[in-house]
Amino acid sequence: MSYQVKDFFHARHDENPPAEFIICSLQTLISSFSLSDMTVKKKANQEGPTKNFVTRTQALKKLQVSLKDFQRLCILKGVYPRDVARGGTLTSKGINRRKLKKDKIYYHINDIRNLASGDLLSKFRDISSHLKRFKRLVARDELYDAKLKLKNKPKYSLTAIVKQRCPSLISAVSDLDDAISTIAAVSALPGDHKRDLNLSMISKCSTQLNYFLKYVSDTGSLTKTFISIKGFYFQALILERPVTWIIPHAFSQSLPHEVDFKVIMTFVEYYLELLRLVNYKLYLMAGMEYPPKIKKGSENLPEDFYNFEPSNAVRTSQGLFHGLKFYVAREVPLCPTSLIILSCGGELVENPKDATHIILDRPLGEREFSCEYVQPQYIFDSLNCNVLLPVGEYAPGVTLPHHLSPFSTDDGYVPDRRKELDMFIKQEAENLLHSDDESLKEQQLKYLDELKQELNPELREMQKSLIPKKHRRLLSKIEYGRKRKAEAAEKLASRKKTIKK
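Okay, structure coming up:
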């Protein structure tokens with residue numbers, strides 16, 4: 001029974017082939033196939049967590065957009081590359097980094113799907129095709145049709161993107177730090193069409209910034225401020241969330257050539273829409289009119305927040321400068337000074353005869369008016385201490401005390417100026433206290449007993465023994481850091497003593 005496999009094909013039309021022939025042929029066919037031919041070959045980066053990351057070139061091919069439009073999409077939708085090849089913080093476990101190249105930029109596939117969703121991508125394609133038609137008309141010298149084509153440029157709205165990235169008002173307020181700082185910096189720049197600095201965008205930045213400062217000044221939300229080389233730092237408490245921003249000094253700004261202002265203006269485009277929506281909601285919640293109106297007789301003045309009409313916003317307190325009237329000299333920066341005065345309940349006057357305090361930053365000759373003359377630092381330090389400081393320390397021509405930052409914590413080394421301010425605040429608090437002496441003594445005794453219990457080393461060791469091992473290690477690290485700070489403070493204090501000697 002020696003039949004060949006090829007004989008099976010010649011004898012397949014036989015009416016009754018023998019059974020032995022069929023069995024032998026099937027066995028030969030099965031043995032000729034290998035298991036490797038039956039399985040599907042795996043390709044690189046097609047399975048596991050590694051397949052979730054694509055390079056930038058792959059993302060561009062998938063979205064069918066240019067590199068500039070892709071960058072704008074990523075900025076507006078808040079998509080950032082992942083440091084996968086080097087094992088960054090945004091990576092996941094199980095990634096085969098041998099298959100990934102360190103010189104490539106990788107994005108998550110879900111981020112690319114997010115970029116493809118929505119109407120923004122289609123709008124960008126419409127704008128690019130519209131610009132091609134416009135350039136074609138200009139090349140043909142059809143200028144009239146080109147102007148009409150430019151007026152009918154497609155527009156898009158970022159309201160849906162802002163609501164997607166910030167679903168609640170509290171989350172939007174938490175993202176205002178970078179937004180206000182960027183808008184304040186751009187509003188101080190000169191317009192330059194060649195560098196993509198449009199004058200209309202700069203005017204929108206200044207308008208929305210003044211709307212926000214108007215809300216802060218009318219509601220009395222300002223809590224901290226500091227003067228630095230970079231500018232004026234401010235912090236306000238809005239919806240129980242601290243918002244910190246910086247306003248640059250009012251100098252003539254130069255445009256550095258190494259800065260790409262296209263990228264900055266894309267960020268500004270998103271931040272403007274975010275700040276506009278937040279301003280609208282905050283004004284409604286405070287019972288203020290949006291947009292605010294300019295005072296009568298100030299129509300020719302710039303639309304700054306101190307030129308708007310006073311609103312009916314409800315304040316939590318009267319303010320530190322309630323009942324005081326300030327006249328700001330021309331050499332003093334008006335925007336940060338007036339923000340502090342109005343936020344603390346003070347009043348700005350145009351005539352120095354009606355003022356209780358005159359703020360100036362130049363040598364004083366003869367006193368023309370019977371009021372207090374102070375330097376601008378007096379306003380900033382009084383707000384940080386929440387107390388009206390002595391005027392004599394800030395008189396014109398006097399060497400000013402150290403301007404301490406309220407944003408830094410005095411761990412270890414405490415400056416002498418901080419000790420002086422703490423003593424002054426303590427004295428002012430004791431003068432304003434209306435309780436009896438007996439209740440004060442009882443409070444002091446309770447406080448001393450609590451301090452003794454905290455300083456008891458045996459009690460502290462017992463408390464440590466009850467803490468889990470993981471938390472005990474964390475506590476030991478915290479104590480070690482405090483010990484190092486205390487040693488550094490002792491070194492500073494010893495150097496200070498040697499310098500004084």
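Going by the UniProt record's numbering, the first residue of the sequence shown is number 1, and it counts up by one from there.
No residue lacks a Cβ here, since even glycine has one placed at the ideal position from N, Cα and C.
Since this is a predicted model, take the numbers as computed values, not measurements.
{"Query": "Restricting to runs no shorter than 4 residues, where is the alpha helix (DSSP H) found entirely within the region 301 to 378?", "Result": "334 to 343"}
{"Query": "Going by beta carbon distance, what residues of the same chain come within less than 7 Å of LYS204, once the five residues before and after it are set aside?", "Result": "LEU272"}
{"Query": "Quick one: what's got a C-beta closer than 8 Å to THR225's C-beta in the same chain, skipping five residues either side?", "Result": "PHE232, TYR233, PHE234, GLN235, PRO336, ILE340, PHE380, LEU383, ASN384 and PRO406"}
{"Query": "Using DSSP with H/G/I as helix, E/B as strand and the rest coil, what is LYS281?", "Result": "helix"}
{"Query": "Provide the residue(s) that pair with PRO242 in DSSP beta bridges, ordered along the chain.", "Result": "LEU237"}
{"Query": "Throw me the rounded Cβ distance for the ASP361 and ALA329 pair, which I believe falls under 8 Å.", "Result": "7 Å"}
{"Query": "Using only the alpha-carbon positions, how far apart do ARG140 and THR219 sit?", "Result": "58 Å"}
{"Query": "Inspect the CB distances between the region 273 to 290 and the region 207 to 221 and report whether three or more fall short of 8 Å.", "Result": "yes"}
{"Query": "Exposed or buried, LEU73, counting other C-beta atoms within 10 Å across all chains shown (16 or more means buried)?", "Result": "buried"}
{"Query": "For a test of the three-state rule: what should DSSP assign to LEU275, helix, strand or coil?", "Result": "helix"}
{"Query": "Who are the near neighbours of LEU169 in its chain, counting only those whose CB is closer than 6 Å to its CB and skipping five residues on each side?", "Result": "LYS281"}
{"Query": "I'd like the ranges of any alpha helix (DSSP H) spanning at least 4 consecutive residues and lying wholly in the region 185 to 232.", "Result": "199 to 219"}
{"Query": "By how many angstroms is the C-alpha of LYS296 removed from the C-alpha of LEU90?", "Result": "In this prediction, LEU90 has a pLDDT of 49, which is less than 50 and means its spatial position is unreliable; nothing more can be read from the coordinates."}
{"Query": "Closer than 7 Å to a non-hydrogen atom of the ligand HEM - does that hold for the CB of LYS500?", "Result": "What this structure holds is no ligand at all, so the ligand HEM is not there to describe."}
{"Query": "So, at 7 Å on beta carbons, what are the nonlocal neighbours of HIS249 in its own chain, with the 5 sequence-adjacent residues on each side left out?", "Result": "GLY231"}
{"Query": "Buried or exposed, going by whether 16 or more other CB atoms sit within 10 Å of the CB of THR182?", "Result": "buried"}
{"Query": "Please report the distance separating the alpha-carbon of TYR106 from that of LYS62.", "Result": "14 Å"}
{"Query": "According to the neighbour-count rule (16 or more other Cβ atoms, all chains shown, within 10 Å of its Cβ), is GLY346 buried or exposed?", "Result": "buried"}
{"Query": "Given that a residue counts as buried once 16 or more other Cβ atoms are within 10 Å of its Cβ, and exposed if not, what is LEU222?", "Result": "buried"}
{"Query": "What is the DSSP secondary structure of VAL387, counted as helix, strand or coil?", "Result": "coil"}
{"Query": "Helix, strand or coil for PHE407 per DSSP?", "Result": "coil"}
{"Query": "Is MET288 buried or exposed, if buried means 16 or more other CB atoms sit within 10 Å of its CB?", "Result": "buried"}
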